[in-house]
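The letter at position 47 of the sequence shown is residue 47 when you use UniProt numbering, and the numbering goes up by one with no holes.
What follows is a set of notes on a single structure, which appears directly below.
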Amino acid sequence: MPASKPLTITYKNDDQWFAQVGPQLDAIFDENSLTFDNEIGKGDFYRVNIDQGLRVRRVTARFHKPVVFKRKITHDPGYYVLVSNLSEQYLETRTGEQQFNLGYGTENGLYFSSPQLTASYTFEPGVQYHLIFIILTYERIHNFISRQPEAQQPLLLSFVDPNRPVYHVECLDTYSLNLLKEMDKQMHDGRGNNLLIHSRCLELCYHVLQKVEERRSRKSQAAAVHPSDILKMNEIRRALLEGYQLPCPPLHVSAQRALMSPTKFKNLFKQLFGHTYYQFYKNVRMHKARELLLTERMNVSEVGYLLGYNNLSKFNKAFKDAFAVTPGSVASLTPAFNPH
Numbered sequence: 001m002p003a004s005k006p007l008t009i010t011y012k013n014d015d016q017w018f019a020q021v022g023p024q025l026d027a028i029f030d031e032n033s034l035t036f037d038n039e040i041g042k043g044d045f046y047r048v049n050i051d052q053g054l055r056v057r058r059v060t061a062r063f064h065k066p067v068v069f070k071r072k073i074t075h076d077p078g079y080y081v082l083v084s085n086l087s088e089q090y091l092e093t094r095t096g097e098q099q100f101n102l103g104y105g106t107e108n109g110l111y112f113s114s115p116q117l118t119a120s121y122t123f124e125p126g127v128q129y130h131l132i133f134i135i136l137t138y139e140r141i142h143n144f145i146s147r148q149p150e151a152q153q154p155l156l157l158s159f160v161d162p163n164r165p166v167y168h169v170e171c172l173d174t175y176s177l178n179l180l181k182e183m184d185k186q187m188h189d190g191r192g193n194n195l196l197i198h199s200r201c202l203e204l205c206y207h208v209l210q211k212v213e214e215r216r217s218r219k220s221q222a223a224a225v226h227p228s229d230i231l232k233m234n235e236i237r238r239a240l241l242e243g244y245q246l247p248c249p250p251l252h253v254s255a256q257r258a259l260m261s262p263t264k265f266k267n268l269f270k271q272l273f274g275h276t277y278y279q280f281y282k283n284v285r286m287h288k289a290r291e292l293l294l295t296e297r298m299n300v301s302e303v304g305y306l307l308g309y310n311n312l313s314k315f316n317k318a319f320k321d322a323f324a325v326t327p328g329s330v331a332s333l334t335p336a337f338n339p340h
């Protein structure tokens, strides 16, 4: 049987996003929320207005048919969007003629785009999607740029140049993922305030800008990457993410698994993921430790032993090196993150 024709959902102005999208999904919606459970699928969309010109939108949905969300070009200043995919399944994303897979298990996990470009997101049927959108107005970005040191302004202004609209994709590293998970936990009506979401939004935007600056500074030195090498490196990356309780495989062993020389593997890992092989593994373990302390009500000893630290003083030191605080001080915050 031929594949069913995708349902195309179009939108433009983020101020009226739910009003534009809701009728096309036959959904129940108001200014800040949208829900549907019908022949199209089932989903919940929720928006939090954080500050003037800054908002966050969470999308959780499973569709019964292919659905394409398509953003039209805007010729007014418009909105800039930073999209992250927290789903296990990648999200096919297209900007102009460029197409890539947006997801934690791929080389791309964060996506930034200008309103002067079309953008589309293709949702496959039967897949549970979980996305976080950070939306910034043109005015918000320009006000921010005007307050920055003069040396940083050319890079920042390049993002909002209407004559050269840009999009940028970046690896969703463990640092970014941790920020997004903390924001995600606060995206509900019963939240106490927006301070945590606000601070994590700004941290994530700053982190992405740092990555952009680093990438541009070494762009002329970066080697072309074959798609098959990217697939192999993502397999290694996923193994490190899933094997946080195990000792880190020696670099030469992972290089053999990727069918590369140790030198090529080491350089390509840093180029793709922004960290050295061993630093990435250390980050995975420490961010997992932080997550367990905050969300699973585990104490410091339990987390340390789970990660294979027989000497808790070494675990304390590694954690403090990563976050500048002890694991005990993080564990004391657990009730604030688990109000129930």
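No residue lacks a Cβ here, since even glycine has one placed at the ideal position from N, Cα and C.
Does residue i come out as helix, strand or coil in the three-state DSSP assignment?
i      : result
Asp321 : helix
Ile134 : strand
Asn85  : strand
Ala119 : strand
Asp37  : strand
Ala331 : helix
Thr8   : strand
Asn101 : strand
Gln245 : coil
Tyr309 : coil
His188 : coil
Val67  : strand
Ser113 : strand
Gln148 : coil
Trp17  : helix
Specify, as a first and last residue, the run of the beta strand (DSSP E) that residue i falls within.
i      : result
Leu54  : 54–63
Arg94  : 91–95
Val48  : 41–51
His168 : 167–170
In terms of residue numbering, what span does the alpha helix (DSSP H) encompassing residue i cover?
i      : result
Lys282 : 277–295
Asp76  : Premise fails: Asp76 is in no alpha helix (DSSP H) and is neither H nor E.
Ser254 : 251–257
Pro154 : 153–159
Thr326 : Thr326 -> no alpha helix (DSSP H), and no H or E assigned at all.
Pro262 : 262–273
Which whole-angstrom value describes the C-beta separation of residue i and residue j, a residue pair presumed to lie in contact below a C-beta threshold of 8 Å?
i      : j      : result
Asn101 : Glu92  : 6 Å
His275 : Asp173 : 7 Å
Val284 : Leu241 : 6 Å
Ile135 : Val81  : 6 Å
Gly208 : Phe112 : Per the sequence presented here, residue 208 reads as Val, with Gly not at that position. At roughly 6 Å, the Cβ-Cβ gap stays under 8 Å, so Val208 and Phe112 are in contact.
Ser87  : Gly109 : Ser87 to Gly109, Cβ: 10 Å. No contact.
Tyr79  : Thr122 : Actually they do not touch by this definition, with Cβ atoms about 21 Å apart.
Arg140 : Leu195 : The pair is not a contact, with the Cβ atoms about 18 Å apart (cut-off 8 Å).
Enumerate in chain order the residues of its own chain whose CB-to-CB distance from residue i is below 8 Å, with the five nearest sequence positions on each side excluded.
i      : result
Lys72  : Thr10, Tyr11, Lys12, Thr118
Ser158 : Arg164, Val166
Ser220 : Summary for Ser220: the model assigns pLDDT 46, below 50, so the residue's position carries little reliability, and this model does not support an answer.
Thr35  : Ala27, Ile28, Phe29, Gly43, Asp44, Phe45
Lys266 : Leu251, Ala255, Thr276, Tyr277
Pro154 : none
Trp17  : Tyr11, Arg47, Arg57
Lys181 : Leu86, Glu291
Keeping to the same chain, check which residues put their C-beta closer than 6 Å to that of residue i; ignore five residues upstream and five downstream.
i      : result
Phe323 : none
Ser120 : Val68, Lys70, Arg94
Leu156 : Ile145
Gly304 : Leu312, Phe315
Asp321 : none
Tyr309 : Phe315
Ser332 : none
Gly22  : Phe29, Leu34
Is the shortest distance between the beta-carbon of residue i and the beta-carbons of chain C less than 8 Å?
i      : result
Tyr244 : This model lacks chain C altogether, as it is built from one protein chain only.
Tell me which same chain residues have a C-beta within less than 7 Å of the C-beta of residue i, skipping the five on either side of it?
i      : result
Met233 : Ala258, Leu268, Phe269, Leu272
His168 : Phe112, Val212
Gly96  : Leu117, Thr118
Lys65  : Ser4, Leu7, Ile40, Pro125
Pro262 : Leu251, His252, Ala255
message = Is it the case that the segment 42–56 contacts the segment 123–140, given that we only count it when at least three CB pairs across the two stretches are under 8 Å?
response = With a cut-off of 8 Å, the segment 42–56 and the segment 123–140 count as touching, because enough Cβ pairs lie within range.
ask   = Would you call the segment 264–280 and the segment 236–251 in contact, with 3 or more CB pairs under 8 Å?
value = Contact between the segment 264–280 and the segment 236–251 is present, because at least three Cβ pairs lie under 8 Å.
request  = For the segment 56–63 and the segment 147–154, state whether three or more C-beta atom pairs, one from each stretch, are separated by less than 8 Å.
outcome  = Cβ pair count under 8 Å is below three, so no.
task = Could you say if the segment 245–254 and the segment 289–296 meet the contact criterion of at least three C-beta pairs nearer than 8 Å?
result = With the cut-off at 8 Å, the segment 245–254 and the segment 289–296 do not touch.
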